[in-house]
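Worksheet for the structure shown next.
In my numbering, the protein residues as written are 76 to 134.
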């Protein structure tokens, strides 16, 4: 069973989705998956830009 601080964080996340109109647990999982993919893409793009700048300025 999940208790304490972790449980409170999960409840706050669930409440955010619920008040936003997403009440189906599968929809919540789908949204998390989408957000994870988007964050990963952003991190990859940032890393590519960083590598490019490092190569350009520091050879």
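We put the CB at the ideal spot given by N, CA and C, even for glycine.
Task: Rounded straight-line distance, which links the Cα of residue 100 to that of residue 128 - done: Residue 128 and residue 100 have their C-alpha atoms roughly 42 Å apart.
Task: For residue 79, the three-state DSSP class (helix, strand or coil) - done: Look at residue 79 here: in three-state DSSP terms it is helix.
Task: Collapsed DSSP secondary structure at residue 97 in the structure displayed - done: Of the three classes helix, strand and coil, the one that applies to residue 97 here is coil, per DSSP.
Task: Contact belief for residue 92 with residue 115 at Cβ below 8 Å, rounded distance in angstroms - done: Their Cβ separation, rounded to whole angstroms, is 20 Å, which puts residue 92 and residue 115 out of contact at 8 Å.
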